[in-house]
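Position one of the sequence shown corresponds to residue 128 (the working numbering), numbered consecutively onward. For reference, the structure is listed below as structure tokens.
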Amino acid sequence: MPDVTILGLPHLQAPHPQAASVVRRPKTFALLIGIEYAPRRGHVNTTFTRLKLPHDDITAFRSMLIDVFHLNEDDITVMVDDTSCSPFLRPTRRNIIVQLLRLVDDAQPGDKLVLAYSGHAKQIPTMDPREEDGEDEYIVPYDWAFWGCISDDLLNKILVQNLPPGVTLFTIFDACSCGTILDLPHNWKLNHNKTVVGPATFPSPSAVGRIVDIIRQASESWSPPSEVLCFSAASDGLTAWEKLSRKSGPYSFLRLFIATIRNNPGISVQDAFEDIAKGLKWCQTPQFSSNNLCLSIGKPLSSFLKASEG
């Protein structure tokens, strides 16, 4: 488990040391966060626009996980800034960090983790040379005005660096300026020729299979690495849009993702990203990132989302 004192939460208690030793069948767990930034008593929000769709989008995403991929309702945690939500699941900075820690800390080899975030994100200048654009990315909790935001560095520490081997994590962020929100090494976008461009070409599924076979044969003790995928609604510095129309209904990056999956549950990671990006009709520039492209891009997206078969 990450050192909670490093995360700025020294008062949090780590789980019981024997909890993680319990062996169980692989499972799929999801954490869904939707923040609309309704006015708080005693605080006037003049910085972030109130959003209309995150609650409904997160509800629709939850329904997709249950209907299409047969996740157990008890394995899905929902955080929204609504009075109907438990105080412990309101999307405050502290609560979000606690739930992120629990999501990863409880994971065992074979598990699949899903994280969906719909809300605001922002950039802040940094001197960190690892940030090519000179900006750190942050997601914006409900109580940001009092306790601050959650940085890409912190998200990477919790979700990427501490992900156990053999665990997959699929994330989707519907927010502005969230292209590199997890600081993953491989990033791709669509160019105006509607083809994926990035630092490397996509290997064919057969090539991926041969690579995996070679690795597996290299050692009997081989265990699959963790895999992290991130679909981002807008590249760093760019805007993600939401629209609620009487004629066409709700329109957002997350809604396009849900529609794409419901229309073709077996679609590959690459094809899903391309279809969603084209569906945006160039009103925004989404981004796909991964920690291990070779093992990710040719897979059906369902392999990261469907209920695990233990």
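Backbone N, C-alpha and C define an ideal beta-carbon position, used for all residues, glycine too. Model, not experiment: these values are computed from the prediction.
Would you list the residues sitting across from Gly-161 in a DSSP beta bridge? Position 34 of the sequence shown, counted from the start, is the residue given in the question as residue 161. Answer by DSSP bridge pairing, in chain order: Val-207, Ser-245.
Quick check: what's the CA-CA separation for Leu-383 versus Ser-359? Along the sequence shown, read from residue 1 onward, the residue named residue 383 stands at position 256. Along the sequence shown, read from residue 1 onward, the residue named residue 359 stands at position 232. If I take the Cα positions, the gap works out to 12 Å.
Flag this pair as yes or no: are the beta carbons of Ser-417 and His-313 separated by less than 9 Å? Indexing the sequence shown from 1 puts residue 417 at position 290. Indexing the sequence shown from 1 puts residue 313 at position 186. In this structure, His-313 lies closer than 9 Å to Ser-417 by Cβ.
Go ahead and pull the three-state DSSP assignment for His-182. Counting from one through the sequence shown, the residue named residue 182 turns up at place 55. Residue state, collapsed to three classes: helix.
Which runs of the alpha helix (DSSP H) fall wholly inside the stretch 365 to 424 and span at least 4 residues, in chain order? 380 to 390, 396 to 406, 420 to 423
In whole angstroms, give me the CA-to-CA distance for Val-207 and Arg-221. Taking the sequence shown and counting its residues from 1, one reaches residue 207 at position 80. Taking the sequence shown and counting its residues from 1, one reaches residue 221 at position 94. C-alpha separation (whole angstroms): 14 Å.
Please classify Lys-239 as buried or exposed, where buried requires at least 16 other C-beta atoms within 10 Å of its C-beta. Residue 239 sits at position 112 when you count from the first residue of the sequence shown. Classification for Lys-239: buried.
Under DSSP, the alpha helix (DSSP H) around Leu-356 begins and ends at which residues? Stepping through the sequence shown from its first residue, residue 356 is reached at position 229. Element bounds for Leu-356: not the alpha helix (DSSP H) but the beta strand (DSSP E), 354 to 359.
Please report the straight-line C-alpha distance between Pro-377 and Val-149, rounded to a whole angstrom. If you number the sequence shown from 1, residue 377 lands on position 250. If you number the sequence shown from 1, residue 149 lands on position 22. Taking the straight line joining both Cα atoms gives about 43 Å.
Whole-angstrom Cβ separation of Gly-293 and Gly-364, contact assumed at under 8 Å? Your numbering for residue 293 matches position 166 in the sequence shown. Your numbering for residue 364 matches position 237 in the sequence shown. About 35 Å; that fails the 8 Å criterion.
With a cut-off of 8 Å on the beta carbons, I'd call Arg-389 and Val-195 a contact; round off their distance for me. Here residue 389 corresponds to residue number 262 of the sequence shown, with the count starting at 1. Here residue 195 corresponds to residue number 68 of the sequence shown, with the count starting at 1. Rounded, the Cβ-Cβ distance is 6 Å, consistent with contact.
To the nearest angstrom, how far is it from the Cα of Leu-317 to the Cα of Leu-309? Reading the sequence shown from its first residue, position 190 is the one you call residue 317. Reading the sequence shown from its first residue, position 182 is the one you call residue 309. Rounded to whole angstroms, Leu-317 to Leu-309 spans 19 Å at the Cα level.
Using three-state DSSP, classify Asn-222 as helix, strand or coil. On the sequence shown, residue 222 is found 95 positions in, with the first residue counted as 1. It is helical.
Return the CA-CA distance between Pro-330 and Gln-397, expressed in angstroms with no decimal places. Counting from 1 along the sequence shown, the entry for residue 330 is found at position 203. Counting from 1 along the sequence shown, the entry for residue 397 is found at position 270. Caution applies to Pro-330, whose pLDDT of 46 falls short of 50 and renders its modelled position unreliable; the value that the coordinates give is listed next. One C-alpha to the other measures close to 11 Å.
Supposed contact pair Ser-304 and Ala-361 - C-beta distance, whole angstroms, cut 8 Å: Working through the sequence shown from its first residue, we reach residue 361 at position 234. Working through the sequence shown from its first residue, we reach residue 304 at position 177. Sure, about 6 Å apart at Cβ, within 8 Å.
Within 9 Å, strictly: CB atoms of Ile-403 and Pro-392: Your numbering for residue 403 matches position 276 in the sequence shown. Your numbering for residue 392 matches position 265 in the sequence shown. It is not a contact, given that the beta carbons lie outside the stated cut-off.
Sequence-distant residues of its chain with Cβ nearer than 8 Å to Asp-279 (five each side left out): Within the sequence shown, the letter at position 152 stands for residue 279. Cβ neighbours of Asp-279 beyond the five flanking positions: Asp-263, Glu-264, Tyr-265, Thr-307, Ile-308, Leu-309, Asp-310.
Since Leu-432 is in the alpha helix (DSSP H), which residue starts that stretch and which ends it? Counted from its first residue, the sequence shown places residue 432 at position 305. First-last of the alpha helix (DSSP H) with Leu-432: 429 to 432.
Nearest to Thr-366 (by Cα), restricted to the options Leu-407, Val-355, Thr-387, Ile-394: Looking up residue 366 in the sequence shown gives position 239. For the residues Leu-407, Val-355, Thr-387, Ile-394, the minimum Cα distance to Thr-366 belongs to Leu-407.
Evaluate Thr-174 with the Cβ neighbour count: other Cβ atoms within 10 Å of its Cβ, from every protein chain shown; 16 or more gives buried, anything less gives exposed. In the sequence shown, counting from the first residue as 1, residue 174 sits at position 47. The residue is exposed, with fewer than 16 neighbouring Cβ atoms inside 10 Å.
Identify the residues that DSSP records as bridge partners of Ser-304: which are they? In the sequence shown, residue 304 corresponds to position 177, counting from 1. Paired residues: none, contrary to the question.
For Tyr-269 versus Arg-217, is the C-beta distance shorter than 9 Å? Stepping through the sequence shown from its first residue, residue 269 is reached at position 142. Stepping through the sequence shown from its first residue, residue 217 is reached at position 90. Result yes, Cβ atoms of Tyr-269 and Arg-217 sit closer than 9 Å.
Contact check, Leu-356 vs Phe-273, beta carbons under 9 Å: By 1-based counting over the sequence shown, the position of residue 356 is 229. By 1-based counting over the sequence shown, the position of residue 273 is 146. Their beta carbons are not under 9 Å apart, which means Leu-356 does not touch Phe-273 by this criterion.
Let's see if you can read the secondary structure: which residues bound the alpha helix (DSSP H) around Leu-281? Counted from its first residue, the sequence shown places residue 281 at position 154. 279 to 282 is the span of the alpha helix (DSSP H), which, as asked, contains Leu-281.
Could you round the C-beta distance between Val-205 and Ile-185 to whole angstroms and report it? I think they count as a contact, below 8 Å. The sequence position of residue 205 within the sequence shown is 78, counting from 1. The sequence position of residue 185 within the sequence shown is 58, counting from 1. Yes, they are in contact, since the Cβ atoms of Val-205 and Ile-185 sit about 6 Å apart, within 8 Å.
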